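Numbering (the numbering used here), first residue to last: 61 to 153.
For reference, the structure discussed in these notes is given below.
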């Protein structure tokens, strides 16, 4: 794996003004666009776009490899964060 593939952008469910982003399940909804349903009807999230909770804040972890594998999807996720003024940690590629 290259350094770019290892790099991740963490989009936090906090707006630039400090408020919590709603709805509270926004990360699962967005990650669901990249997920699949397993044989036992469980959602399996993509390795490249995964919801997570960090320090009690809902986040979306986006691997840099998505920029290489699916540039338009990567741009769409980052555009979502920009349009909603969400705090991003990490360097978008």
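We put the CB at the ideal spot given by N, CA and C, even for glycine.
Remember, predicted model here, so these are calculated numbers, not experimental data.
Extent of the continuous beta strand (DSSP E) to which residue i belongs
{"i": "residue 73", "result": "68–75"}
{"i": "residue 95", "result": "Taken as a continuous stretch (DSSP letters only), residue 95 belongs to no beta strand (DSSP E), as it is neither H nor E."}
Host alpha helix (DSSP H) of residue i (start-end)
{"i": "residue 111", "result": "It is not in any alpha helix (DSSP H) - residue 111 instead sits in the beta strand (DSSP E) that spans 109–114."}
{"i": "residue 140", "result": "131–143"}
Cutoff 7 Å; reference residue i; Cβ partners in own chain excluding five residues on either side
{"i": "residue 110", "result": "91, 121"}
Residue i: CB within 6 Å of a non-hydrogen atom of the ligand FMN
{"i": "residue 82", "result": "With respect to small molecules bound, the structure shown includes none, and the ligand FMN cannot be examined in it."}
Closest residue to residue i among the options (Cα-Cα distance)
{"i": "residue 74", "options": "127, 102, 115", "result": "115"}
{"i": "residue 127", "options": "141, 99, 83, 108", "result": "108"}
{"i": "residue 72", "options": "117, 136, 82, 106", "result": "117"}
Distance, residue j Cα to residue i Cα
{"i": "residue 67", "j": "residue 148", "result": "13 Å"}
{"i": "residue 77", "j": "residue 144", "result": "11 Å"}
{"i": "residue 146", "j": "residue 99", "result": "34 Å"}
{"i": "residue 84", "j": "residue 141", "result": "15 Å"}
{"i": "residue 86", "j": "residue 94", "result": "14 Å"}
Assigned exposure category for residue i - 16 Cβ within 10 Å defines buried
{"i": "residue 112", "result": "exposed"}
{"i": "residue 154", "result": "Nothing in the structure corresponds to residue 154, since the chain is present only between 61 and 153."}
{"i": "residue 79", "result": "exposed"}
{"i": "residue 135", "result": "exposed"}
{"i": "residue 125", "result": "buried"}
Same chain, Cβ closer than 6 Å to residue i, five either side skipped, listed in chain order
{"i": "residue 70", "result": "119, 121, 149, 150"}
{"i": "residue 123", "result": "68, 108"}
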